[in-house]
Amino acid sequence: MSRFSILYANPDMAVSREALKEPAFFSDLHLDQVVDAVIAGYEEYDLKPFFYESLKSCDAIAYRQEIVRDLGNTRLLEALKSFSLGMQTMRTHLAQAKKLHNFSQKRRWFLDAVAVYCETIERLGNDLADLDLASRGFQALREFLNEYSHSPGFTSLVAEIAQLDAELSGVTYCLHIQGNKITVRKSKSSQDYIREVEHTFKGFLQDPVQPFQERFPEYPEMNHVEAKVLDLVALQYPEVFSHLSAFHEKNLNYLDETVARFDREVHFYLAYLDLVARIKNENLPFCIPEVSDTEKEVESREGFDLALAIRLSPQGIPVVTNDFYLEGRERIFVITGPNQGGKTTFARVFGQLHFLAGLGCPVPGRTARLYLFDRIFTHFEREESLGNLRSKLEDDLLRIHSIFTTCTPRSIIIINEMFTSTTVQDALYLGRKVLEQAIQLDLLCIYVTFLDELTMLEKTVSMVSTVAPDNPDVRTYRVVRRPADGLSYAIAIARKKRVTYEAILERIPS
Amino acid sequence: MKPHLLFRNRDFCPAWGMLPKYPQPTRWRDREYEEQWALLPHVLRMVTQDLELDILFKSMAQGDRYLYEVAKNVVLLSVPDTGTILYRQDILRDCIRNTKVVREIYGICDESIEGYFKEFTWYTGKSADSVRGTSIRALTLFIGKLVLLRKVAEDHGGTFESEGFREFFAMLKRELTDEYIVSLNAILGELSLPAGACITAELGKGNKGTNYTLQRCREIPPQTWIARVLSIDPSAQYSFTIADRDTTGFRALAEMRGKSLNPVSRILHQATDHIFRFFTSLKIELAFYLGCVHLREELMRLGEPVCFPVPREPGNRTLTSKGLYDACMALQKNQAIIGNDVNAEGKDLVLITGANRGGKSTFLRSVGLAQLLMQCGSCVPAESFSADVCRGVFTHFRREEDHEMRSGKLDEELTRMSEIIDHLSPDSMVLFNESFAATNEREGSEISRQIVCALLKKRVKIIFVTHLHEFSRGLFERNMGNASFLRAERKPDGERTFKIKEGEPLQTSFGKDLYHRIFCES
Numbered sequence: 019m020s021r022f023s024i025l026y027a028n029p030d031m032a033v034s035r036e037a038l039k040e041p042a043f044f045s046d047l048h049l050d051q052v053v054d055a056v057i058a059g060y061e062e063y064d065l066k067p068f069f070y071e072s073l074k075s076c077d078a079i080a081y082r083q084e085i086v087r088d089l090g091n092t093r094l095l096e097a098l099k100s101f102s103l104g105m106q107t108m109r110t111h112l113a114q115a116k117k118l119h120n121f122s123q124k125r126r127w128f129l130d131a132v133a134v135y136c137e138t139i140e141r142l143g144n145d146l147a148d149l150d151l152a153s154r155g156f157q158a159l160r161e162f163l164n165e166y167s168h169s170p171g172f173t174s175l176v177a178e179i180a181q182l183d184a185e186l187s188g189v190t191y192c193l194h195i196q197g198n199k200i201t202v203r204k205s206k207s208s209q210d211y212i213r214e215v216e217h218t219f220k221g222f223l224q225d226p227v228q229p230f231q232e233r234f235p236e237y238p239e240m241n242h243v244e245a246k247v248l249d250l251v252a253l254q255y256p257e258v259f260s261h262l263s264a265f266h267e268k269n270l271n272y273l274d275e276t277v278a279r280f281d282r283e284v285h286f287y288l289a290y291l292d293l294v295a296r297i298k299n300e301n302l303p304f305c306i307p308e309v310s311d312t313e314k315e316v317e318s319r320e321g322f323d324l325a326l327a328i329r330l331s332p333q334g335i336p337v338v339t340n341d342f343y344l345e346g347r348e349r350i351f352v353i354t355g356p357n358q359g360g361k362t363t364f365a366r367v368f369g370q371l372h373f374l375a376g377l378g379c380p381v382p383g384r385t386a387r388l389y390l391f392d393r394i395f396t397h398f399e400r401e402e403s404l405g406n407l408r409s410k411l412e413d414d415l416l417r418i419h420s421i422f423t424t425c426t427p428r429s430i431i432i433i434n435e436m437f438t439s440t441t442v443q444d445a446l447y448l449g450r451k452v453l454e455q456a457i458q459l460d461l462l463c464i465y466v467t468f469l470d471e472l473t474m475l476e477k478t479v480s481m482v483s484t485v486a487p488d489n490p491d492v493r494t495y496r497v498v499r500r501p502a503d504g505l506s507y508a509i510a511i512a513r514k515k516r517v518t519y520e521a522i523l524e525r526i527p528s
Numbered sequence: 031m032k033p034h035l036l037f038r039n040r041d042f043c044p045a046w047g048m049l050p051k052y053p054q055p056t057r058w059r060d061r062e063y064e065e066q067w068a069l070l071p072h073v074l075r076m077v078t079q080d081l082e083l084d085i086l087f088k089s090m091a092q093g094d095r096y097l098y099e100v101a102k103n104v105v106l107l108s109v110p111d112t113g114t115i116l117y118r119q120d121i122l123r124d125c126i127r128n129t130k131v132v133r134e135i136y137g138i139c140d141e142s143i144e145g146y147f148k149e150f151t152w153y154t155g156k157s158a159d160s161v162r163g164t165s166i167r168a169l170t171l172f173i174g175k176l177v178l179l180r181k182v183a184e185d186h187g188g189t190f191e192s193e194g195f196r197e198f199f200a201m202l203k204r205e206l207t208d209e210y211i212v213s214l215n216a217i218l219g220e221l222s223l224p225a226g227a228c229i230t231a232e233l234g235k236g237n238k239g240t241n242y243t244l245q246r247c248r249e250i251p252p253q254t255w256i257a258r259v260l261s262i263d264p265s266a267q268y269s270f271t272i273a274d275r276d277t278t279g280f281r282a283l284a285e286m287r288g289k290s291l292n293p294v295s296r297i298l299h300q301a302t303d304h305i306f307r308f309f310t311s312l313k314i315e316l317a318f319y320l321g322c323v324h325l326r327e328e329l330m331r332l333g334e335p336v337c338f339p340v341p342r343e344p345g346n347r348t349l350t351s352k353g354l355y356d357a358c359m360a361l362q363k364n365q366a367i368i369g370n371d372v373n374a375e376g377k378d379l380v381l382i383t384g385a386n387r388g389g390k391s392t393f394l395r396s397v398g399l400a401q402l403l404m405q406c407g408s409c410v411p412a413e414s415f416s417a418d419v420c421r422g423v424f425t426h427f428r429r430e431e432d433h434e435m436r437s438g439k440l441d442e443e444l445t446r447m448s449e450i451i452d453h454l455s456p457d458s459m460v461l462f463n464e465s466f467a468a469t470n471e472r473e474g475s476e477i478s479r480q481i482v483c484a485l486l487k488k489r490v491k492i493i494f495v496t497h498l499h500e501f502s503r504g505l506f507e508r509n510m511g512n513a514s515f516l517r518a519e520r521k522p523d524g525e526r527t528f529k530i531k532e533g534e535p536l537q538t539s540f541g542k543d544l545y546h547r548i549f550c551e552s
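For the protein sequence lines, the chains are R and Y, in the order given. First residue of the first sequence: 19, per our numbering; consecutive thereafter. First residue of the second sequence: 31, per our numbering; consecutive thereafter.
See below:
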């Protein structure tokens, strides 16, 4: 049984059964894109389940946040990356051993795999020894490594590898190739002859030129000639080769279970922090959020849509950040303003920030104070499906109803442009009804709508997406906290078309 | 081994597609003339075009493309160093005296290079083993040719006086002793591996053999069982053979051999390459001198004077010459033409004004040509010539009116000017011919004035032909000590002599004469 976990304070914890499939809100919040980007390049560790399940207690989050803080130390991060690389090398060596057919080759690859494993463990132990580690997780790791690398099983393994390596490097031989005949015998190798040739031509070798070299393909397999030669060499060094076989049989189960689990789980952090490092810059900060399970006065400074940043950053397109906060009895953001102005993105940011915080991960933004939710529900517009005979309005209502039957006051609901398929009167009425339920439950909610009137309800905060004042075609993607003013956009367009009062007076000659 | 006939201590590096890069994909002559021309930097294409250097190169080449390319490279890569110029002048004097011997050496180079290309063709394998084989054959050929070269040195060395040739012949005798030739041939024999390859190896990654190293094959291992029983080292020696039809087996065997042959192939290839470069350099260097000899003969045939110029250190401004003429024009017209005398001691700026079609451009070209020829070490077309050595000669000539882009004319001129400025440094030389006249006189003058003043401030030597009166008059009235004003001569009766004499800029450019002649005589 493994003795500690880098993901859970209690090593007996593991991801639950539900975590094996993607949560329903993932695609609405574009978290699926985020997770795909995070685990790209880390597929072998099967990390997705870890990203599907948010934690349920503040302490569980704190356990991971401590670890993330420790990982701010680049020496620790480098040590772990080199550990990860070592384990990967070990695995490729083992895979290689499995693929090959020649007996003595398989054994040698196995020996190399074990040697890499031992080195990797020892190096990580040494690297961690003098680091200042504050997290419970890494302290436990250090303790474990210390114990394990001094256990008699491990130390004797290391000694035997060294012994065997020395024996194998003493194997040298000479091939005499005459036509199609090869003769093999023991021999010391020497560079003397090459040096002599070089000396003879010394006068002609002064120019610095690109030296000729025939490139030979490097591949681990041996062809039958090499195999035959190796067999003849083995006949001349029987003790060495039988020692190699004995080592393999004795050490088949060398890999420690705790090490294996740590190797997988630590990549949860490495993968995520790798992504953060790629995105992070002066304008796109990340922070470790304050998470509370009692306070709903959430706040974020310079938060941004991580999925958008993943897509735009490589192209050098700047990503707009937004601030939000709720104070006192405020619970609901009602977002209005021009389309394509960043309304949906704002809603996603709110959801992403909360979910990522619930994983114990750093979140986009300069600072963040977030709420520990129990569940997230989203209601985004769907394509009308032909297989679905209900009307769109009916569908909307059914979906929202099912949300309200399962949510609790600790849930988060994100609603995007509901009731667009009906009249304004209906939409207003239904929207108000939905919001009233949310207000009554006192839960955190985002409501993206085109109806200014909905911003007037209690517990709501009005947020408006904006356009550049002098050119209404340029979206700023900034969503600001201010009363809804459906007019400014229309006025801006009028100015551009020169149909404002002043413009008309100017254009019409007197 | 380096010939060092163009520079005392270093190789000449042809810049524009002469020497094929390693490895040799094509020979220079496989390239088209246009392609070769496009390799020249644009500023040098302008110089070539403006001074009509093509005529010069053709005369030096006498129909040989190789000589043409060499002449172009050496002339355009002029050296700003009087020592090297004098070094080359001495060698050229030797070549004039011993043209026959020089042609013989040139022939040996040619044969070596052709022989080399027969061995290393585009279909020569790139494997270590095939490189070893071809290198051994090429080296055997080269060694033969080097021995031949040494013999020429022994037979004729005495008649050469220049430092360059004396050092070259001494080097051949010093580096190619008889013993050395014997040991070279011996090791080449050994490396053709008559008794097979002896290779040592170790166990590498995954027990695959590695560090394959070639050893000298001394003892051929005992063949018969009796010999095996009797052999001193009874420790096991095992053999196996590869079946005749086992092609993968043979490929595997070749790979092992190849790995061990890599180092010797590298050495052999490098040595071959070195000697190939030696012959190539020698051929290029001699080709240049042969070109100079051709040019001298051509001009003398026309009855024109030719002299060895006196170079001055950079910065010691002078432009002193007697009977300076435009060789290209003479070669093109195939007749002797009128030369000019000039004496501009200590002048940074020479400004030439005067009658249209009065020989200004021809004079300007003759100055540029003589400067270039002096700086490559050749004789120059004049009775006597002396000038300070410049760091680069550049030309800014007015281009023929291009109807399609008349509006962009000044734009184009200034673009070219800016391009030239990229290449300038103190003691460079710029020849201007009717530049910046694409706009009105006032603007053109102002542009010219600003450019000229800036260049003078940067100590650039300028020869400027202009009819921008405001510009030339303005400079004249400044009474600058470092400027010389020349004028195309016109006799009182209006007749042109095509002589350039000292004289202040005058208001009229004698266009009236031209007008009269064309309109009255027709």
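Beta carbons are placed, not taken as given, at the ideal position from N, Cα and C, and that holds for glycine.
Which whole runs of the alpha helix (DSSP H) in the region 150-177 of chain R are 4 residues long or more, in chain order?
Taking only runs of at least 4 residues, the alpha helix (DSSP H) segments lying wholly in the region 150-177 of chain R are 154-167.
Please compile the residues from chain Y whose C-beta is within a distance smaller than 7 Å of the C-beta of Val-337(R).
Locating residue 337(R) in the first sequence gives position 319, counting from the first residue. Per Cβ cutoff of 7 Å: no residues; Val-337(R) is ~41 Å from chain Y at best.
What's the gap between the Cα of Gly-533(Y) and the Cα of Cys-125(Y)?
As a working note, residue 533(Y) is residue 503 in the second sequence. As a working note, residue 125(Y) is residue 95 in the second sequence. So the two alpha carbons sit approximately 42 Å from each other.
Are the Cβ atoms of Leu-206(Y) and Arg-180(Y) separated by less than 9 Å?
Your numbering for residue 206(Y) matches position 176 in the second sequence. Your numbering for residue 180(Y) matches position 150 in the second sequence. The answer is yes: Cβ separation under 9 Å.
Helix, strand or coil for Phe-528(Y), going by three-state DSSP, please let me know.
Position 498 of the second sequence, counted from the first residue, corresponds to residue 528(Y). It is a strand residue.
Using a Cβ-Cβ cut-off of less than 8 Å, give me the residues of the region 213-234 of chain Y that come near chain R, in sequence order.
Cβ contacts with chain R come from Ser-213, Leu-214, Ile-217, Leu-221, Ala-225, Gly-226, Ala-227, Cys-228, Ile-229, Thr-230, Ala-231, Glu-232 and Leu-233.
Decide if His-111(R) is buried, meaning its Cβ has at least 16 other Cβ atoms within 10 Å, or exposed.
Taking the first sequence and counting its residues from 1, one reaches residue 111(R) at position 93. When all chains shown are included, His-111(R) counts as buried.
Mind listing the chain Y neighbours of Met-105(R)? Cutoff is C-beta to C-beta under 9 Å, in chain order.
Position 87 of the first sequence, counted from the start, is the residue given in the question as residue 105(R). Result: empty, since nearest Cβ-Cβ is about 19 Å, beyond 9 Å.
Please confirm if His-119(R) has its CB atom under 9 Å from at least one CB of chain Y.
What you label residue 119(R) is simply residue 101 of the first sequence in a count that begins at 1. Under the 9 Å criterion on CB atoms, His-119(R) is classed as non-interfacial with respect to chain Y.
Mind pulling the chain Y residues with CB within less than 9 Å of Gly-221(R)?
In the first sequence, counting from the first residue as 1, residue 221(R) sits at position 203. Against chain Y, the beta carbon of Gly-221(R) has neighbours under 9 Å at Met-31, Glu-205, Tyr-210, Ala-301 and His-304, listed in chain order.
Listing by chain order, which chain Y residues have their CB less than 8 Å from the CB of Phe-286(R)?
Stepping through the first sequence from its first residue, residue 286(R) is reached at position 268. None at all; the shortest Cβ gap to chain Y is about 33 Å.
Arg-19(Y) at chain R interface by Cβ criterion, 9 Å
Beyond the ends of chain Y as shown, which are 31 and 552, falls residue 19(Y); an answer cannot be given.
Does the beta carbon of Arg-125(R) sit closer than 9 Å to a beta carbon anywhere in chain Y?
For the purposes of this step, residue 125(R) is taken as residue 107 along the first sequence, with counting starting at 1. Output row for Arg-125(R): interface = yes.
Express the C-alpha separation of Val-380(Y) and Phe-37(Y) in angstroms, rounding to a whole number.
Numbered from its first residue, the second sequence carries residue 37(Y) at position 7. Numbered from its first residue, the second sequence carries residue 380(Y) at position 350. Cα-Cα distance, rounded: 32 Å.
Could you work out which residues of chain R lie near Met-286(Y), taking near to mean beta carbons separated by less than 9 Å?
Along the second sequence, read from residue 1 onward, the residue named residue 286(Y) stands at position 256. Correct list: Leu-193, Ile-195, Ile-200, Val-243, Glu-244 and Val-247.
Going straight from the alpha carbon of Phe-354(Y) to that of Pro-110(Y), what length do you get?
Locating residue 354(Y) in the second sequence gives position 324, counting from the first residue. Locating residue 110(Y) in the second sequence gives position 80, counting from the first residue. The amino acid at residue 354(Y) is misidentified as Phe; the sequence shows Leu. One Cα belongs to Leu-354(Y), the other to Pro-110(Y), and the distance between them is close to 21 Å.
Let me know the beta strand (DSSP E) ranges lying completely inside the region 262-332 of chain R, each 3 residues or longer, listed in chain order.
Counting only unbroken stretches of 3 or more residues, the beta strand (DSSP E) elements lying wholly within the region 262-332 of chain R are 308-310 and 317-321, in sequence order.
Could you check if Gly-346(R) is buried or exposed, using at least 16 other CB atoms within 10 Å of its CB as the buried criterion?
Stepping through the first sequence from its first residue, residue 346(R) is reached at position 328. Answer is exposed; the Cβ neighbour count stays below 16.
Please work out which residues of its chain come closer than 7 Å, Cβ to Cβ, to Arg-553(Y), disregarding the five sequence neighbours upstream and downstream, and give them in chain order.
Here chain Y comprises residues numbered 31 to 552, so residue 553(Y) is not present and cannot be evaluated.
Quick one: list the residues of chain R neighbouring Leu-283(Y), beta-carbon separation under 9 Å, in chain order.
In the second sequence, residue 283(Y) corresponds to position 253, counting from 1. The contacting residues are Ile-195, Asn-198, Ile-200 and Val-243.
Chain-ordered chain Y contacts of Thr-110(R) [CB-CB under 8 Å]:
In the first sequence, residue 110(R) corresponds to position 92, counting from 1. Under the 8 Å cutoff, chain Y gives no residues; its nearest Cβ is about 12 Å from Thr-110(R).
Could you list which residues in chain Y have their beta carbon closer than 8 Å to that of Asp-225(R), in chain order?
As a first step, residue 225(R) is located in the first sequence; it is residue number 207 there, counting from the start. Listed along chain Y, the residues sitting closer than 8 Å to Asp-225(R) by beta-carbon distance are Gln-300, Asp-303, His-304 and Arg-307.
Please report the straight-line C-alpha distance between Ile-382(Y) and Arg-517(Y), rounded to a whole angstrom.
Locating residue 382(Y) in the second sequence gives position 352, counting from the first residue. Locating residue 517(Y) in the second sequence gives position 487, counting from the first residue. Looking at the two C-alpha atoms, the distance is approximately 5 Å.
Residues near Glu-375(Y) in its chain [Cβ-Cβ closer than 7 Å; skip 5 each side]:
Start at 1 with the first residue of the second sequence, and residue 375(Y) comes out as number 345. Excluding residues within five positions, the ones whose Cβ falls inside 7 Å are Thr-348 and Thr-350.
Can you give the beta carbon distance from Gly-378(R) to Phe-391(R), rounded, assuming they're within the 8 Å contact cut?
Here residue 378(R) corresponds to residue number 360 of the first sequence, with the count starting at 1. Here residue 391(R) corresponds to residue number 373 of the first sequence, with the count starting at 1. Separation of the CB atoms of Gly-378(R) and Phe-391(R) is rounded to 14 Å, and the pair is thereby denied contact status at 8 Å.
Over what stretch of residues does the alpha helix (DSSP H) that includes Glu-61(R) continue unbroken?
Within the first sequence, numbered from 1, the residue matching residue 61(R) stands at position 43. Careful: Glu-61(R) lies outside any alpha helix (DSSP H) and carries neither H nor E.
Is any beta-carbon of chain Y found at less than 9 Å from that of Ala-189(R)?
Along the first sequence, one-based indexing puts residue 189(R) at 171. Per the sequence presented here, residue 189(R) reads as Val, with Ala not at that position. Chain Y places a beta carbon closer than 9 Å to that of Val-189(R), counting this residue as a contact.
Check whether the Cβ atoms of His-324(Y) and Gln-92(Y) sit closer than 9 Å, and answer yes or no.
Indexing the second sequence from 1 puts residue 324(Y) at position 294. Indexing the second sequence from 1 puts residue 92(Y) at position 62. Going by beta carbons, His-324(Y) and Gln-92(Y) fall inside the 9 Å limit.
Counting Cβ pairs closer than 8 Å, one from the region 358-369 of chain R and one from the region 282-302 of chain R, do we hit at least three?
Output reads no: the region 282-302 of chain R does not touch the region 358-369 of chain R.
Contact defined as beta carbons within less than 8 Å: I believe Leu-25(R) pairs with Arg-109(R). What is the distance between those atoms, to the nearest angstrom?
Residue numbering aside, residue 25(R) sits at position 7 when the first sequence is read from its first letter. Residue numbering aside, residue 109(R) sits at position 91 when the first sequence is read from its first letter. That pair is no contact at about 21 Å.
Alpha-carbon spacing of Leu-169(Y) relative to Ala-301(Y), whole angstroms
The residue you call residue 169(Y) lines up with position 139 of the second sequence. The residue you call residue 301(Y) lines up with position 271 of the second sequence. So the two alpha carbons sit approximately 8 Å from each other.
Count the other C-beta atoms from every protein chain shown that fall within 10 angstroms of the C-beta of Ala-177(R), then say buried if there are 16 or more, exposed otherwise.
The sequence position of residue 177(R) within the first sequence is 159, counting from 1. Counting the other Cβ atoms within 10 Å of the Cβ of Ala-177(R) gives fewer than 16, which makes it exposed.
Between Lys-206(R) and chain Y, is any beta-carbon pair separated by less than 9 Å?
Along the first sequence, read from residue 1 onward, the residue named residue 206(R) stands at position 188. Taking Cβ atoms only, chain Y reaches closer than 9 Å to Lys-206(R), which makes this a yes.
Any 3 or more C-beta pairs closer than 8 Å across the region 455-474 of chain R and the region 426-435 of chain R:
Flag = yes, the region 455-474 of chain R and the region 426-435 of chain R touch.
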